[in-house]
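Chemist: 210 is the number of the first residue of the sequence shown in my numbering; add one for each residue after it.
Before anything else, here's the structure in question.
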Amino acid sequence: GRHMLLSLRRLGAKPSAPTPWRPDGASVAAAAGGGEAELARWECPVKAFEDRITQLAYRNVHDLATLMRCHTVTSDLVQRGIIKPKVHAAIVTCLLRWIEREPIQLFRRHAESLVELVAVEPTVLPQLRRRLGRRAGQAFHGKGQFAGFAQLVFQLEALGLPVVDDEPGNEVLDHPTASMMPPLQLGLLQTLRSMLRDWPVDRLADELTGPALDLLCCRKGLKEEATSNISVRISEELNAIRDKVLARAEPVRVQIVLLAYGRFLCATAGAAGGKVSGNGRGLVDLAEPLRMHLLASQETLGSLGFCTASVTPGAKELPPEYLGRKVELYERLGDLWKMVAQVMQLLGDDDESAVARTLLEPLQPVRAP
């Protein structure tokens, strides 16, 4: 259709005029039960083309490739003055509707197409940012959904789409901190707060890894707020494990929670470059008294060493109520103390790590007697 309209223009014809371009126009109209209005529509190639391409767009609202093809054609014909701008506007509306309503999982499959579309249609990028920002602030219920979303954001950024940041003036207020942030970053921060509040530590350890942590570190403001919230959860979780020990909770379960806690702490402390100087490490920045308490020896109530020794057969901190579970407790003992050493290497300086390993070495039996 585009080729026909261009050919008519090159021949000097006026394809938008109501002249009988089709000799059988009257019979077509009569067959359709139309009359004069239907005849006029068939007699005008431009009107027929406008109706047809709009029809194609609305019938393929879920097919991005077809919508992009329609966009390319109408954009060219509008610039040449052959079709009305409202036809092109209808195609753009269908494209924006695709971005607004299609499942977010399709974005990764069509990432390169989205890049091409943003290059030719300026209204697409703001719509894409709004959609990603809204999704970032919603719950991620399924396993791996948050990591998959992070991979999508990194894929779009790598292809040249600046979706993490936004235009000046489009920032949104973060009420807890009274600071302005781009919508996507604010959505990520709100979701992180919800995760840290509601998820058990084992799920946090499974979900907040790799791309998810890299995304939280990708901007300075976002990283600072993520670090603050994660550090609070790390301190609170250690206190909760201490309370389980004092309440004589099921010891194997305590070991499992300790291992998950260690994985979560090591992953967040090692994010964005791992160990750094000072007391800020990755996404963990504990106040010095809290850091020293966490790394204290097993004699210090509530330290990581105390909690681990409390489920270690042969340690004096092992409660009498756990003596009958020694065989089961030996199964995870090697992994437990390996986790403790990793935490101390990440959060402690060289001297503290060496002293801590010396203190804890007698409590590391390698197998059940």
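Glycine is no exception: its CB is placed at the ideal position from the N, C-alpha and C atoms.
It should be emphasised that the depicted structure is a prediction, and the values quoted were computed from it without experimental measurement.
Decide yes or no for the touch test of the region 546-554 against the region 462-476: beta carbon pairs closer than 8 Å, at least 3 of them.
Modeler: yes
Chemist: I'd like to confirm the pairing. Which residues does DSSP put opposite M390 in its beta bridges?
Modeler: Position 181 of the sequence shown, counted from the first residue, corresponds to residue 390. Per DSSP, V381.
Chemist: For the candidate residues V373, T521, A387 and L365, whose alpha-carbon lies nearest to that of R317?
Modeler: Taking the first residue of the sequence shown as 1, we reach residue 317 at position 108. For R317, the nearest C-alpha among the options comes from L365.
Chemist: Which whole-angstrom value describes the C-beta separation of L556 and A480, a residue pair presumed to lie in contact below a C-beta threshold of 8 Å?
Modeler: To locate residue 556, count along the sequence shown from 1; it is residue 347. To locate residue 480, count along the sequence shown from 1; it is residue 271. Wrong, their Cβ atoms sit about 13 Å apart, outside the cutoff.
Chemist: Would you tell me roughly how many angstroms separate the C-alpha atoms of H319 and V327, rounded to the nearest one?
Modeler: As a working note, residue 319 is residue 110 in the sequence shown. As a working note, residue 327 is residue 118 in the sequence shown. Approximately 12 Å between the Cα atoms of the pair.
Chemist: Alpha carbon to alpha carbon, how far is L499 from M277?
Modeler: Your numbering for residue 499 matches position 290 in the sequence shown. Your numbering for residue 277 matches position 68 in the sequence shown. Cα to Cα, the separation comes out at about 56 Å.
Chemist: Can the beta-carbon of R451 be found less than 8 Å from the beta-carbon of C516?
Modeler: Numbered from 1 along the sequence shown, position 242 holds the residue referred to as residue 451. Numbered from 1 along the sequence shown, position 307 holds the residue referred to as residue 516. Yes, the pair counts as a contact, with Cβ atoms nearer than the cut-off.
Chemist: Label A274 either buried or exposed according to how many other C-beta atoms from any shown protein chain fall within 10 Å of its C-beta, with 16 as the threshold for buried.
Modeler: For the purposes of this step, residue 274 is taken as residue 65 along the sequence shown, with counting starting at 1. Under the 10 Å beta carbon count, A274 is surrounded by fewer than 16 other beta carbons and is classified as exposed.
Chemist: Judging by CA-CA distance, which residue of L393, I300 and V454 is the nearest neighbour of E330?
Modeler: Here the question's residue 330 lines up with position 121 in the sequence shown. If we check each option's Cα against that of E330, I300 comes out closest.
Chemist: Which ranges would you report for the beta strand (DSSP E) in the region 303-330 if only whole runs of at least 3 residues count?
Modeler: none
Chemist: Is there contact between the region 386-397 and the region 408-417, where contact requires at least three CB pairs shorter than 8 Å?
Modeler: No, the region 386-397 is not in contact with the region 408-417.
Chemist: Span of the alpha helix (DSSP H) holding K535?
Modeler: What you label residue 535 is simply residue 326 of the sequence shown in a count that begins at 1. That run of the alpha helix (DSSP H) goes K535 to Y539.
Chemist: If I follow the unbroken alpha helix (DSSP H) through Q288, where does it start and stop?
Modeler: Sequence index remark: in the sequence shown, residue 288 carries index 79 (1-based). Per DSSP, Q288 belongs to the alpha helix (DSSP H) from L273 to Q288.
Chemist: Kindly indicate which three-state DSSP category A480 falls into: helix, strand or coil?
Modeler: Translated into positions along the sequence shown, residue 480 becomes position 271. A480: coil per DSSP, three-state reduction.
Chemist: Distance check for Y470 and M389, CA to CA, integer angstroms please.
Modeler: The residue given as residue 389 occupies position 180 in the sequence shown. The residue given as residue 470 occupies position 261 in the sequence shown. Those two C-alpha atoms are separated by around 32 Å.
Chemist: Whose CA, out of R343, A345, F363 and K256, lies closest to the CA of E321?
Modeler: Indexing the sequence shown from 1 puts residue 321 at position 112. Cα-wise, what sits closest to E321 is F363.
Chemist: Would you kindly check if the distance between the Cβ of L401 and the Cβ of L425 is under 8 Å?
Modeler: Indexing the sequence shown from 1 puts residue 425 at position 216. Indexing the sequence shown from 1 puts residue 401 at position 192. Cβ atoms of L425 and L401: closer than 8 Å.
Chemist: With a threshold of 16 other CB atoms inside 10 Å of the CB of G487, please say whether the residue is buried or exposed.
Modeler: Sequence index remark: in the sequence shown, residue 487 carries index 278 (1-based). Low confidence applies here, because G487 scores a pLDDT of 38, under 50, leaving its location unreliable; read the following figure in that light. So G487 counts as exposed.
Chemist: Can you tell me which of the three DSSP states D374 falls into?
Modeler: Within the sequence shown, the letter at position 165 stands for residue 374. D374 falls in the coil class under three-state DSSP.
Chemist: What would DSSP say about Q464, mapped onto helix, strand or coil?
Modeler: Position 255 of the sequence shown holds residue 464. Helix, per DSSP.
Chemist: Classify H297 as helix, strand or coil using the three-state DSSP reduction.
Modeler: Indexing the sequence shown from 1 puts residue 297 at position 88. H297 falls in the helix class under three-state DSSP.
Chemist: Can you tell me the Cβ-Cβ gap for L341 and L323, rounded? I've got them flagged as a contact below 8 Å.
Modeler: Numbered from 1 along the sequence shown, position 132 holds the residue referred to as residue 341. Numbered from 1 along the sequence shown, position 114 holds the residue referred to as residue 323. Between L323 and L341 the Cβ distance is about 11 Å, and since that is not below 8 Å, they are no contact.
Chemist: Along the chain, where does the alpha helix (DSSP H) containing S437 start, and where does it finish?
Modeler: For the purposes of this step, residue 437 is identified with residue 228 of the sequence shown, where counting begins at 1. Where S437 is concerned, the enclosing alpha helix (DSSP H) stretches over K429 to L455.
Chemist: Tell me which residues share the same chain as L468 and place their Cβ nearer than 8 Å to its Cβ, disregarding the 5 neighbours each side in the sequence.
Modeler: Walking along the sequence shown from the start, residue 468 turns up at place 259. Around L468: R541, D544, L545 and M548.
Chemist: For R344 and C303, I'd like the C-alpha separation in whole angstroms.
Modeler: Taking the sequence shown and counting its residues from 1, one reaches residue 344 at position 135. Taking the sequence shown and counting its residues from 1, one reaches residue 303 at position 94. Straight-line Cα distance between these residues: approximately 20 Å.
Chemist: Please identify the residue among Q464, L417 and S444 whose C-alpha is closest to the C-alpha of S519.
Modeler: What you label residue 519 is simply residue 310 of the sequence shown in a count that begins at 1. For S519, the nearest C-alpha among the options comes from Q464.
Chemist: If we count the other Cβ atoms within 10 Å of its Cβ and call it buried at 16 or more, is R261 buried or exposed?
Modeler: Residue numbering aside, residue 261 sits at position 52 when the sequence shown is read from its first letter. When all chains shown are included, R261 counts as exposed.
Chemist: Using only alpha-carbon positions, find the residue among G491, D375, E380 and V454 that is nearest to T418.
Modeler: By one-based count along the sequence shown, residue 418 stands at place 209. Closest option to T418, Cα to Cα, is G491.
Chemist: Assuming contact is defined by CB atoms lying nearer than 8 Å, are G511 and H502 in contact in what I supplied?
Modeler: What you label residue 511 is simply residue 302 of the sequence shown in a count that begins at 1. What you label residue 502 is simply residue 293 of the sequence shown in a count that begins at 1. Taking 8 Å as the cut-off, the beta carbon of G511 is found closer than this to the beta carbon of H502.
Chemist: Distance check for Q354 and G290, CA to CA, integer angstroms please.
Modeler: Counting from one through the sequence shown, the residue named residue 290 turns up at place 81. Counting from one through the sequence shown, the residue named residue 354 turns up at place 145. Spanning the two alpha carbons is a distance of roughly 46 Å.
Chemist: Taking only the alpha-carbon atoms, compute the straight-line gap between S284 and H297 and give it to the nearest angstrom.
Modeler: As a position in the sequence shown, residue 284 is number 75, starting the count at 1. As a position in the sequence shown, residue 297 is number 88, starting the count at 1. Between the alpha carbons of S284 and H297 lies a gap of roughly 6 Å.
Chemist: Who are the Cβ neighbours of E416 in its own chain at under 6 Å, not counting the five residues just before and after it?
Modeler: Numbered from 1 along the sequence shown, position 207 holds the residue referred to as residue 416. Excluding residues within five positions, the ones whose Cβ falls inside 6 Å are F355.
Chemist: So the candidates are T521, A348, N269 and E325; which of them puts its Cα closest to the Cα of E311?
Modeler: Along the sequence shown, read from residue 1 onward, the residue named residue 311 stands at position 102. Of the listed residues, the one whose Cα sits closest to E311 is N269.
Chemist: Can you give the Cα-Cα distance for E459 and P529, rounded to whole angstroms?
Modeler: Residue mapping note: residue 459 aligns to position 250 of the sequence shown, counting from 1. Residue mapping note: residue 529 aligns to position 320 of the sequence shown, counting from 1. When rounded, the distance between both Cα atoms is 13 Å.
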